[in-house]
Amino acid sequence: MKVSDFDYELPPGLIAQHPTDRRDASRLLVVPPTGPFQHRSFGELPELIEPGDVLVVNESRVFPARLLGRKPTGAEAEVLLVRPVEPTSGTWDASSLEWEALVRPGGKLKPGRTLVVSDELTVEIVDTLPSGNRVVRLLADGPVEEVLDRYGHMPLPPYIERADGAEDRDRYQTVYARERGSIAAPTAGLHFTNELLNDLTDRGVVRGAITLHVGVGTFRPVEVDDPAEHPMHAEWYSIPQEVADTIGTAKAAGGRIWAVGTTAVRTLESAADPGGRVRPGQGETDLFIRPPYDFRVVDGLITNFHLPRSTLLMLVSALAGHERVMAAYAEAVAEGYRFYSYGDAMVVTPR
28 MKVSDFDYEL PPGLIAQHPT DRRDASRLLV VPPTGPFQHR SFGELPELIE
78 PGDVLVVNES RVFPARLLGR KPTGAEAEVL LVRPVEPTSG TWDASSLEWE
128 ALVRPGGKLK PGRTLVVSDE LTVEIVDTLP SGNRVVRLLA DGPVEEVLDR
178 YGHMPLPPYI ERADGAEDRD RYQTVYARER GSIAAPTAGL HFTNELLNDL
228 TDRGVVRGAI TLHVGVGTFR PVEVDDPAEH PMHAEWYSIP QEVADTIGTA
278 KAAGGRIWAV GTTAVRTLES AADPGGRVRP GQGETDLFIR PPYDFRVVDG
328 LITNFHLPRS TLLMLVSALA GHERVMAAYA EAVAEGYRFY SYGDAMVVTP
378 R
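In structure tokens, the structure reads:
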């Protein structure tokens, strides 16, 4: 398949610029394997998931990774922290002082230059990587996480054409976010409330939490015509032993595994052995799921609507079928669904 096979027309007015008043008040497009699509509310999700099924969420937490400041000349500049510069152990240290980062203007922020964010935070450009990204050092007057929380900005995606505000500190974050490290929200989870999660538990649905820290790859378009030539940016993930055990037990009993978002899909499928057993542990994944793909773990998917020609749209198509997904997107556009991070959701139900 070609990247152009995943293109579609979207009126700009359907790109959500703000969240709904209530998280679970978003619309939900139900995409069964065959038959007509269903138009429901996200709050009705528990009706679609059976007792004994497992709902896997990504508990990564978005942090204020966007730093706006000035160079010593007074000119404005920007740094987006992407990932801590890691020791060889592969751990994730959100309190790190050295980070891989994107910078703007790229031609001006060379090694040795500095960016003043506040009296408590200066960013020093340390090195230029082969990718063009920079290694930066944070010179913080206090614990780095606290300083970033005070002076950093939430890294809203570029299609949200406004500055971040107070609402985004809460709403561009899932209610179950725990592990700090993402520079973009795992947006399928934004629709869940604590009450909805309790309803699922009361129904007998088991919840398992994994972590995948969403990185810069989520912003990068596919710029080649052949998807196989697109390089995926690696992202760090972790799967606890108890979650791997829960998934194995449920599958053995005939239960289905539902992924909340494409990040949960990529984590589970990256950790699966050839027999479909999920291996616990942590590591990095650059798995690119696109048609055709034989899923080993995931049965159903809850997800938002994704950008045209994106790797995320290709992943959804691999699970539900290309023609089926493109028809669902055409239906969503015709019915006026809200798209992207703060938009509505769709659910791909298992065969």
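Residues in the sequence shown are numbered consecutively from 28, following our numbering.
From the three backbone atoms N, C-alpha and C, an ideal C-beta is built for every residue, glycine too.
Keep in mind that this is a model prediction, so the values were computed, not measured.
Going by the DSSP bridge assignment, what does residue i pair with across the sheet?
{"i": "T238", "result": "S265"}
{"i": "W119", "result": "Answer is none; W119 lacks a bridge partner."}
{"i": "V305", "result": "A299"}
{"i": "P170", "result": "Answer by DSSP bridge pairing: none, since P170 is not bridged."}
{"i": "S87", "result": "E206"}
{"i": "R110", "result": "E127"}
{"i": "R67", "result": "L55"}
{"i": "H180", "result": "R93"}
{"i": "G327", "result": "W285"}
{"i": "L223", "result": "Note: L223 sits in no beta bridge, so no partner."}
{"i": "G310", "result": "Y264"}
{"i": "V81", "result": "V233 and I284"}
{"i": "E105", "result": "L95 and R131"}
If you reduce the DSSP assignment to three classes, tell me which class residue i lands in.
{"i": "E206", "result": "strand"}
{"i": "P377", "result": "coil"}
{"i": "I187", "result": "coil"}
{"i": "D154", "result": "strand"}
{"i": "G244", "result": "helix"}
{"i": "P318", "result": "coil"}
{"i": "P59", "result": "coil"}
{"i": "F332", "result": "coil"}
{"i": "T214", "result": "helix"}
{"i": "T100", "result": "coil"}
{"i": "I76", "result": "coil"}
{"i": "F366", "result": "strand"}
{"i": "G231", "result": "coil"}
{"i": "H349", "result": "helix"}
{"i": "P38", "result": "coil"}
{"i": "S337", "result": "coil"}
{"i": "A372", "result": "strand"}
{"i": "R140", "result": "coil"}
{"i": "G194", "result": "The residue you asked about is not Gly; residue 194 is Glu in the sequence shown. E194: helix per DSSP, three-state reduction."}
{"i": "E147", "result": "coil"}
{"i": "V162", "result": "strand"}
{"i": "E358", "result": "helix"}
When you compare only the Cα positions, how much space is there between residue i and residue j?
{"i": "N221", "j": "D197", "result": "14 Å"}
{"i": "T115", "j": "N331", "result": "Caution applies to T115, whose pLDDT of 49 falls short of 50 and renders its modelled position unreliable; the value that the coordinates give is listed next. Cα-Cα distance, rounded: 35 Å."}
{"i": "A167", "j": "F322", "result": "45 Å"}
{"i": "V352", "j": "H333", "result": "11 Å"}
{"i": "G282", "j": "P78", "result": "8 Å"}
{"i": "P38", "j": "G363", "result": "9 Å"}
{"i": "G275", "j": "I266", "result": "13 Å"}
{"i": "S123", "j": "L56", "result": "41 Å"}
{"i": "V89", "j": "L239", "result": "11 Å"}
{"i": "P63", "j": "L41", "result": "23 Å"}
{"i": "E151", "j": "V174", "result": "15 Å"}
{"i": "V171", "j": "E71", "result": "41 Å"}
{"i": "T149", "j": "P111", "result": "16 Å"}
{"i": "I329", "j": "V58", "result": "10 Å"}
{"i": "F315", "j": "A361", "result": "29 Å"}
{"i": "P377", "j": "P60", "result": "7 Å"}
{"i": "K137", "j": "S158", "result": "14 Å"}
{"i": "A102", "j": "T273", "result": "53 Å"}
{"i": "F219", "j": "P99", "result": "44 Å"}
{"i": "T47", "j": "S344", "result": "26 Å"}
Given a cut-off of 8 Å on the beta-carbon distance, is the pair residue i and residue j in contact?
{"i": "T312", "j": "N85", "result": "no"}
{"i": "P91", "j": "M181", "result": "yes"}
{"i": "E105", "j": "R131", "result": "yes"}
{"i": "E262", "j": "V241", "result": "yes"}
{"i": "V83", "j": "I284", "result": "yes"}
{"i": "V153", "j": "E125", "result": "yes"}
{"i": "R54", "j": "S68", "result": "yes"}
{"i": "R161", "j": "A128", "result": "yes"}
{"i": "E206", "j": "S297", "result": "no"}
{"i": "A210", "j": "S368", "result": "It should be noted that the sequence gives Ile, not Ala, for residue 210. Not a contact, by the Cβ cut-off of 8 Å."}
{"i": "Q44", "j": "R189", "result": "yes"}
Assuming residue i and residue j form a contact by the criterion Cβ under 8 Å, report the distance between their Cβ atoms to the nearest whole angstrom.
{"i": "A359", "j": "P307", "result": "About 36 Å; that fails the 8 Å criterion."}
{"i": "V375", "j": "A347", "result": "4 Å"}
{"i": "D226", "j": "P73", "result": "5 Å"}
{"i": "P254", "j": "V81", "result": "With a Cβ gap of about 30 Å, P254 and V81 do not count as contacting."}
{"i": "S337", "j": "V251", "result": "That pair is no contact at about 13 Å."}
{"i": "G216", "j": "T228", "result": "Contact flag wrong, Cβ pair sits at about 16 Å."}
{"i": "R93", "j": "L107", "result": "5 Å"}
{"i": "A355", "j": "M373", "result": "6 Å"}
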